[in-house]
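Number of protein chains: 2
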Amino acid sequence: MSESGEDNLIARYFRPLAKTAGALELRDDAAVLAATSGDLVVTTDAIVEGVHYLATDPPDTIARKALRVNLSDLAAKGATPVGFLLTLALREAGESWLSTFAAALGDDADAFGCPLLGGDTVSTPGPVMISIAAFGRVASGRMVKRSTARPGDLVAVTGTIGDATLGLDVLRGGRAAAAVAADASAAAYLVDRYRVPRPRLSLAKAIGNCASAAMDVSDGLAGDFAKLCAASGVSAVIDLPKVPLSDAARAVLAAGATTIEALISGGDDYEIVCTLAEPSWNELAKLAAGAGVPAAIIGAIVEGEAPPVFRDGSGCAVTLSRASFSHF
Amino acid sequence: MSESGEDNLIARYFRPLAKTAGALELRDDAAVLAATSGDLVVTTDAIVEGVHYLATDPPDTIARKALRVNLSDLAAKGATPVGFLLTLALREAGESWLSTFAAALGDDADAFGCPLLGGDTVSTPGPVMISIAAFGRVASGRMVKRSTARPGDLVAVTGTIGDATLGLDVLRGGRAAAAVAADASAAAYLVDRYRVPRPRLSLAKAIGNCASAAMDVSDGLAGDFAKLCAASGVSAVIDLPKVPLSDAARAVLAAGATTIEALISGGDDYEIVCTLAEPSWNELAKLAAGAGVPAAIIGAIVEGEAPPVFRDGSGCAVTLSRASFSHF
Numbered sequence: 076m077s078e079s080g081e082d083n084l085i086a087r088y089f090r091p092l093a094k095t096a097g098a099l100e101l102r103d104d105a106a107v108l109a110a111t112s113g114d115l116v117v118t119t120d121a122i123v124e125g126v127h128y129l130a131t132d133p134p135d136t137i138a139r140k141a142l143r144v145n146l147s148d149l150a151a152k153g154a155t156p157v158g159f160l161l162t163l164a165l166r167e168a169g170e171s172w173l174s175t176f177a178a179a180l181g182d183d184a185d186a187f188g189c190p191l192l193g194g195d196t197v198s199t200p201g202p203v204m205i206s207i208a209a210f211g212r213v214a215s216g217r218m219v220k221r222s223t224a225r226p227g228d229l230v231a232v233t234g235t236i237g238d239a240t241l242g243l244d245v246l247r248g249g250r251a252a253a254a255v256a257a258d259a260s261a262a263a264y265l266v267d268r269y270r271v272p273r274p275r276l277s278l279a280k281a282i283g284n285c286a287s288a289a290m291d292v293s294d295g296l297a298g299d300f301a302k303l304c305a306a307s308g309v310s311a312v313i314d315l316p317k318v319p320l321s322d323a324a325r326a327v328l329a330a331g332a333t334t335i336e337a338l339i340s341g342g343d344d345y346e347i348v349c350t351l352a353e354p355s356w357n358e359l360a361k362l363a364a365g366a367g368v369p370a371a372i373i374g375a376i377v378e379g380e381a382p383p384v385f386r387d388g389s390g391c392a393v394t395l396s397r398a399s400f401s402h403f
Numbered sequence: 076m077s078e079s080g081e082d083n084l085i086a087r088y089f090r091p092l093a094k095t096a097g098a099l100e101l102r103d104d105a106a107v108l109a110a111t112s113g114d115l116v117v118t119t120d121a122i123v124e125g126v127h128y129l130a131t132d133p134p135d136t137i138a139r140k141a142l143r144v145n146l147s148d149l150a151a152k153g154a155t156p157v158g159f160l161l162t163l164a165l166r167e168a169g170e171s172w173l174s175t176f177a178a179a180l181g182d183d184a185d186a187f188g189c190p191l192l193g194g195d196t197v198s199t200p201g202p203v204m205i206s207i208a209a210f211g212r213v214a215s216g217r218m219v220k221r222s223t224a225r226p227g228d229l230v231a232v233t234g235t236i237g238d239a240t241l242g243l244d245v246l247r248g249g250r251a252a253a254a255v256a257a258d259a260s261a262a263a264y265l266v267d268r269y270r271v272p273r274p275r276l277s278l279a280k281a282i283g284n285c286a287s288a289a290m291d292v293s294d295g296l297a298g299d300f301a302k303l304c305a306a307s308g309v310s311a312v313i314d315l316p317k318v319p320l321s322d323a324a325r326a327v328l329a330a331g332a333t334t335i336e337a338l339i340s341g342g343d344d345y346e347i348v349c350t351l352a353e354p355s356w357n358e359l360a361k362l363a364a365g366a367g368v369p370a371a372i373i374g375a376i377v378e379g380e381a382p383p384v385f386r387d388g389s390g391c392a393v394t395l396s397r398a399s400f401s402h403f
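As they're listed, the protein sequences go chains A and B. Each residue of the first sequence is one higher than the one before, starting from 76 at the first, in my numbering. Each residue of the second sequence is one higher than the one before, starting from 76 at the first, in my numbering.
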């Protein structure tokens, strides 16, 4: 009795990634996470070909993005990765695509200490879709929520904002592509930021210790941060000149090929926005510097129910026509 | 700043299903499962329109199937449900389809004590896909595996086998449709068995206490049970006349419109096959009778590495051309 195609596919490409005892070598219906003293943080995010990534993106970057968008959530919650479940919907099981995809997924699983626990592989006549559920641990009761920001807290963000949306524009041959046409390294940087998020797991413990509230920025800083404020029942003032931008983004901005509004409304940043008291910011800044992750204060939480105000360099509130990316 | 389409969709249809504190009303990036003394069992299964269900299936049955195929895994592992994550890939967010889908999903979540913890809603130009990751609890070290069947154990199966594959054949107007054309209730029974699995959660604790090994039968009894034997390093002898069949399946069989080989090789049964010592069978039989779930002995585990032997009424081994359903 020969093994089925799905079994062969799992054995060949994914069993090597199941490096933890609880995965049972992917030979069972389920995996086991052993009892521990802390809470388990669970999150899920899916990426769809042509929606969250381009069909022409290399399979290794697709694999990394699929896992990393979930690891980014764990980092923002202050959680240490435990493992993940993979659902892979494929049109066909192409050898070259799958081997490259699985190898990169395995590299990232190793690099971030997040082994494959199990999954499901299904065929679809439609676009490829990769859905991952990721698990992380925090000390009991210590998951960092969106709903616990306090008036007076500072607002901090990691990395730089807006690179990914420019990267997508470069890939689509938009205005950003023309703006960086003469600078191949800037173009490559922006494209890489779109294709391969940098989950800030090296700061997860620091976020857990320092932040009063946090979330990852996946659908645009402006809209995502507004959700954090709404969940916390607070408002905020954000100074747009303080929003950290990469040199490449500054160049596109200087060329008039984007606006600060577009940069703070574009998706796929996968940075962390968090709120914290000033002494905690001093600690986080030190830990971030030690981890080599940029972090910057962009504003402050204030009392009120109004949406956060984004101010330009002269202190005037900027109106955002489209605060957050939505697929519907 | 208006909420995005996805936020509205979540608020309207799915927030009412997030009835556990750890789901944080679906307002955060992640959910929390509080620390407990037992192990967590994690499993994931996806269903794709046109592959695992028909585009013409009612949305309430699609929702139930999506959750129940996962609950079936938990039941086979002896686990009590804790909650689930939902990834929903939609072409469009149709009001009527979504409200029916979400209401049925909520009913099942209530009925099986498995609340929605979180999820992701994405748009796709392709077929609808529903991927669920479900979580359950077992006492520490007590998840029932596939790999622990022992020679001398009996082999038991819950419910009846082959109904779902006949139900699909009825929906497709195949030979089974002709065989039950004069018996509308038999046709409806078989179709329902295809569309709405019956996860045997009422037996989960009994499986946990009695079974030496277990798995759920999703891709055909013959092929799935062969996997259990392979994982356990054992062989088995199964008596086909002992495989429990419904009256409807017997009628289709009597009409010559299917074969026992087809019934034990067809998918979507979502019953449990388990192995257990004879005293444990006596206990399981009692508990199953109490729960109103049919259970039957169909054979025994023997030493050896050979695939399980399926014997007909005269004791002759039957050759199976296609032991298990595979989507590739």
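A virtual CB, placed ideally from N, CA and C, is assigned to each residue, including glycine.
CB contact flag (residue i, residue j, <8 Å)
{"i": "Val197(A)", "j": "Ala121(B)", "result": "yes"}
{"i": "Tyr345(A)", "j": "Val144(A)", "result": "yes"}
{"i": "Leu108(A)", "j": "Leu115(B)", "result": "yes"}
{"i": "Leu351(B)", "j": "Cys304(B)", "result": "no"}
{"i": "Arg275(B)", "j": "Val368(B)", "result": "yes"}
{"i": "Thr119(B)", "j": "Asp195(A)", "result": "yes"}
{"i": "Ala375(B)", "j": "Val230(B)", "result": "yes"}
{"i": "Lys94(B)", "j": "Pro190(B)", "result": "yes"}
{"i": "Ala208(B)", "j": "Gly113(B)", "result": "no"}
{"i": "Ala332(A)", "j": "Ala224(A)", "result": "no"}
{"i": "Gly242(A)", "j": "Leu265(A)", "result": "yes"}
{"i": "Ala297(A)", "j": "Ile339(A)", "result": "yes"}
{"i": "Gly341(A)", "j": "Gly283(A)", "result": "no"}
Contacts of residue i in chain E (Cβ-Cβ under 8 Å)
{"i": "Gly193(A)", "result": "No chain E is present in this structure, whose protein chains are A and B."}
Cβ-based burial, residue i [other Cβ within 10 Å; buried from 16]
{"i": "Ser206(A)", "result": "buried"}
{"i": "Arg139(B)", "result": "buried"}
{"i": "Pro200(B)", "result": "exposed"}
{"i": "Ala391(B)", "result": "With the sequence shown as reference, residue 391(B) is identified as Cys, and Ala is not the correct amino acid for it. Exposed, since its Cβ has fewer than 16 Cβ neighbours within 10 Å."}
{"i": "Pro202(A)", "result": "buried"}
{"i": "Arg273(B)", "result": "buried"}
{"i": "Thr334(A)", "result": "exposed"}
{"i": "Gly193(A)", "result": "buried"}
{"i": "Arg268(A)", "result": "buried"}
{"i": "Pro134(A)", "result": "buried"}
{"i": "Asp322(A)", "result": "exposed"}
{"i": "Thr131(B)", "result": "exposed"}
{"i": "Gly365(A)", "result": "exposed"}
{"i": "Ser287(B)", "result": "buried"}
{"i": "Asp387(B)", "result": "exposed"}
Which of helix, strand or coil DSSP assigns to residue i
{"i": "Pro316(B)", "result": "helix"}
{"i": "Arg386(A)", "result": "strand"}
{"i": "Ala392(B)", "result": "strand"}
{"i": "Ala121(B)", "result": "strand"}
{"i": "Ser112(B)", "result": "coil"}
{"i": "Pro156(B)", "result": "strand"}
{"i": "Met76(B)", "result": "Any reading at Met76(B) is ruled out, since the residue's pLDDT is 30, under 50, leaving its predicted position unreliable."}
{"i": "Ile236(B)", "result": "coil"}
{"i": "Tyr345(B)", "result": "coil"}
{"i": "Ala261(B)", "result": "helix"}
{"i": "Gly379(B)", "result": "coil"}
{"i": "Gly194(A)", "result": "strand"}
{"i": "Leu351(A)", "result": "strand"}
{"i": "Ala371(A)", "result": "strand"}
{"i": "Gly211(A)", "result": "strand"}
{"i": "Thr162(B)", "result": "strand"}
Distance cut-off 7 Å: residue i Cβ against heavy atoms of the ligand MG
{"i": "Gly153(A)", "result": "Ligands in the displayed structure: none, and consequently the ligand MG is not present."}
Validate contact between the stretch 169-183 of chain B and the stretch 97-106 of chain A using beta carbons, cut 8 Å, 3 pairs:
Note that the stretch 169-183 of chain B does not touch the stretch 97-106 of chain A; fewer than 3 beta-carbon pairs, one per stretch, sit closer than 8 Å.
Please identify, using Cβ separations under 8 Å, the residues of the stretch 221-247 of chain B that lie next to chain A, in order along the chain.
From the stretch 221-247 of chain B, only Arg221, Ser222 have a Cβ closer than 8 Å to chain A.
Residues from the stretch 136-151 of chain B in contact with chain A, defined by Cβ distance under 8 Å:
Result list: Asp148, Leu149, Ala151.
Give a yes or no on contact between the stretch 304-315 of chain A and the stretch 376-383 of chain A, applying the rule of three or more CB pairs nearer than 8 Å.
Touching, yes, given that three or more Cβ pairs across the two stretches are closer than 8 Å.
Flag this pair as touching only if the stretch 213-223 of chain B and the stretch 150-166 of chain B have three or more C-beta atom pairs under 8 Å; answer yes or no.
Yes: the two stretches touch, three or more of their Cβ pairs being nearer than 8 Å.
Check whether the stretch 316-334 of chain A touches the stretch 234-243 of chain A, counting contact only when three or more Cβ pairs, one atom from each stretch, lie closer than 8 Å.
Output reads yes: the stretch 234-243 of chain A touches the stretch 316-334 of chain A.
Select from the stretch 101-112 of chain A all residues with a C-beta closer than 9 Å to any C-beta belonging to chain B, and list them in chain order.
Close to chain B, meaning a Cβ-Cβ distance shorter than 9 Å, are the following residues of the stretch 101-112 of chain A: Arg102, Asp103, Asp104, Ala105, Ala106, Val107, Leu108, Ala109, Ala110, Thr111, Ser112.
Cβ-based contacts, 7 Å cut-off: residues of the stretch 152-177 of chain A near chain B
Going along the stretch 152-177 of chain A in chain order, one finds Lys152, Leu160, Thr162, Ala164, Ala168 with a Cβ nearer than 7 Å to chain B.
Got a sec: which bits of the stretch 281-293 of chain A sit with their beta carbon under 8 Å from any beta carbon on chain B, in order along the chain?
If the cut-off is 8 Å between Cβ atoms, the stretch 281-293 of chain A has Met290, Asp291 near chain B.
Scan the stretch 311-324 of chain A for residues whose Cβ lies nearer than 9 Å to a Cβ of chain B and list them as they occur along the chain.
Residues passing the 9 Å Cβ filter: none.
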